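Going line by line, the protein sequences match chains A and B.
If you read the first sequence in the working numbering, its first letter stands for residue 4, the second for the next number, and so on.
If you read the second sequence in the working numbering, its first letter stands for residue 169, the second for the next number, and so on.
So the structure is just underneath, and the comments pick up after that.
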Amino acid sequence: MSGNSATAASRNLAACDICYKLAPAQTHNCPRCGAALHLRKRNSLQHTLALLITACILYIPANTYPIMYMDQFGSTESSTIIGGVVELIALGSIPIAVVIFAFSVIVPSAKIMVLFYLVWTVENHSPLSSRQRGLMYRIVHFIGKWSMLDVFVVAIMAALVHLGDLLVVRPGIAALSFAGVVILTMIAAHRFDSRLIWDTTDDD
Amino acid sequence: MDTLEPAPSLSTEVACPGCDLLVRIDDMRAGETAKCPRCGCLLSEFRANAFEQVIAFAVAGLILLGLANSYAFLTMSSNGMDRRITLWQAPAALWDYGMPLVAGMVAAFIIAVPALVLLLLLAVCIPLRAGRYQSWLETAAKGVFLSHHWAMVEVFIIGVIVSLVKISELATIDLGISFWAYAAFSGCFIMAVSSLDRVQCWETIERLSQP
């Protein structure tokens, strides 16, 4: 294994996203797997930004509307994402509260901010090196799906907790908005082309 | 059709998917990994028995997923009343409460996509293991690498555990056979997906496609 510090683009080669095959940049389809071939993902920054802005808008109802209702002995309690974390702390389940807080609050918001930052620094100076930003991108890409945790918890509770009229859990509309946020940020991370971080850099 | 011996080593040139640096992989042996020297991205992880491992884990995973859909998943009891659910009822409950979109996503991420990925892995790895080219290899392998990001089996397992803690104040919960089958299935799924190296897979397909 050796690096000769030339990029595929500098040799006029496009790499396939699916099978990593190298082919001349003018080729329309990958000669090995047939997928559409581009030097860089097309309109990567515009698509990423559009998806991020949509995710930001959906993030508001996801946090202000209830994600779950609990009907117990004739009275109804609703809880938001943050409310669920507070309840868990009150129950004394600190580790679970930390897990939910991390994946439902910190990860989605940090992910949106990191992707905005990465898009911004493609065309503007960044105090962080390309290597650091590349690592940030890989972490964001890897951790994204873990935010679906809260949606799965709502699905399981709504299915399981149903004892006549005594005790019923129902899903709230925030489950839909929050699932939308998670999926949109996952697609945004996928649409972002991390090679753009390196295209304007001098450091190797 | 000729059958070919599995390659003892891997030599190729790839562009790092993270930063586009051209990296020459020379004579990589079983157990070795190739990382991009510039950005640190993992490029390839060559395994001696990769295709056999994938087949074993995928078959085991599909059987376990079948079991996970056949028995009780969780049982809740409180004040002399019981409520027993199967795996499918998690998405089905969302559907019943008027959330077909979320229900569809949950069903896709925890059952449909993982099952599809395992079937596609078998369609790819059985011919590769046998050293025979098949016309569907490229399509099936593309399907694997496009869809496996959307399987969330391990997230769902953690979701079950979180739910148990939340409900434990209200009722007694029993874990059913299906839960244990699904937990084992999620382990097999992760092993099957991570055993298949992208570079090794496509290089083998290309080698078989050229007579």
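All residues carry an ideal CB built from backbone N, CA and C; glycine is no exception.
Every value quoted in this text rests on a predicted model; they were computed, and no experiment measured them.
- With the rule of 3 Cβ pairs closer than 8 Å, the segment 239-249 of chain B counts as touching the segment 327-345 of chain B.
- A distance below 8 Å between beta-carbons, with the five flanking residues on each side excluded, links Pro64 of chain A to the following residues of its chain, in chain order: Ile176, Ala177 and Ser180.
- Between Lys24 of chain A and Cys36 of chain A, the C-beta gap is smaller than 8 Å, which places the two residues in contact.
- For Gln75 of chain A, DSSP records a beta bridge to A:Ser78 and A:Leu170.
- Excluding the 5 residues flanking it on each side, Gly147 of chain A has same chain C-beta neighbours closer than 8 Å at Val110, Lys114, Val185, Thr188, Met189 and Ala192, in chain order.
- For chain A, the residues of the segment 336-358 of chain B that bring a beta carbon within less than 7 Å of one of its beta carbons are Glu337 and Leu338, in chain order.
- When the Cα atoms are used, Cys209 of chain B and Leu364 of chain B turn out to be separated by approximately 17 Å.
- Only Arg173, Pro174, Ala178, Leu179 and Ala182 from the segment 171-184 of chain A bring a Cβ to less than 8 Å from some Cβ of chain B.
- In the structure shown, the three-state DSSP call for Pro27 of chain A is strand.
- Contact annotation: in the segment 146-162 of chain A, residues whose CB is within less than 7 Å of a CB in chain B are Lys148, Trp149, Met151, Leu152, Val154, Phe155, Val156, Ala158, Ile159, Met160, Ala161 and Ala162.
- In terms of beta-carbon proximity, Lys44 of chain A stays away from the interface with chain B, with every pair separated by 8 Å or more.
- For the options B:Ser354, B:Trp304, B:Glu220 and B:Met320, the alpha carbon positioned closest to that of Leu230 of chain B is the one of B:Ser354.
- DSSP lists no beta-bridge partner residue for His316 of chain B.
- Taking C-alpha positions only, Met196 of chain B is separated from Leu211 of chain B by approximately 12 Å.
- Identification of residues in the segment 123-143 of chain A having a C-beta nearer than 9 Å to some C-beta of chain B yields Ser133, Arg134, Gly137, Leu138, Tyr140 and Arg141, given in sequence order.
- About 6 Å separates the Cβ atoms of Val323 of chain B and Phe155 of chain A, confirming a contact at the 8 Å cut-off.
- Sequence-distant Cβ neighbours of Val285 of chain B in its own chain, meaning closer than 7 Å and more than five residues away, are Val312, Ser315, His316, Ala319 and Val361.
- Using a Cβ distance threshold of 8 Å, Ser96 of chain A and Val333 of chain B count as a contacting pair.
- If you draw a straight line from the Cα of Thr51 of chain A to the Cα of Ala38 of chain A, it comes to about 21 Å.
- If one requires a minimum length of 3 residues, the beta strand (DSSP E) runs lying completely within the segment 193-244 of chain B are 201-203 and 210-213, in chain order.
- In chain B, no part has a C-beta under 7 Å from the C-beta of His50 of chain A; the shortest such distance is about 17 Å.
- Fewer than three beta-carbon pairs drawn from the segment 182-196 of chain B and the segment 250-267 of chain B are found closer than 8 Å, and the two stretches are therefore not classed as touching.
- Pairwise C-beta distances place the segment 176-188 of chain B out of contact with the segment 162-173 of chain A, as fewer than three of them are shorter than 8 Å.
- Beta-carbon to beta-carbon, Leu121 of chain A and Arg136 of chain A are separated by about 6 Å, close enough to satisfy the 8 Å threshold.
- Residue contact check for Arg366 of chain B against chain A: a CB pair falls below 8 Å.
- Across the segment 252-268 of chain B, CB contacts with chain A closer than 8 Å involve Ile253, Gln257, Ala258, Pro259, Ala260, Ala261, Leu262, Tyr265 and Met267, in sequence order along the chain.
- Per DSSP, the beta-bridge partners of Ser246 of chain B are B:Met249.
- Secondary structure of Ser8 of chain A (DSSP, three-state): strand.
- Using beta-carbon distances, Ile21 of chain A counts as an interface residue toward chain B, with a partner under 8 Å.
- Any Cβ of chain B closer than 8 Å to the Cβ of Val101 of chain A would place that residue at the interface, and such an atom is absent.
- Following the DSSP letters along the chain, one finds Ser47 of chain A in no beta strand (DSSP E) but inside the alpha helix (DSSP H) bounded by residues Ser47 to Thr67.
- Here Leu40 of chain A is near Asn32 of chain A, since their CB atoms are less than 8 Å apart.
- Burial is judged here by how many other beta carbons sit within 10 angstroms of a residue's own beta carbon; Gly186 of chain B has at least 16 and is buried.
- Under DSSP, His165 of chain A forms a beta bridge with A:Val171.
- Identification of residues in the segment 315-337 of chain B having a C-beta nearer than 7 Å to some C-beta of chain A yields Met320, Val323, Phe324, Ile326, Gly327, Val328, Val330, Ser331, Val333, Lys334, Ile335 and Glu337, given in sequence order.
- If you ignore the 5 residues before and after Ser107 of chain A, its C-beta comes within less than 6 Å of the C-beta of Ile84 and Asp153, all in its own chain and listed in chain order.
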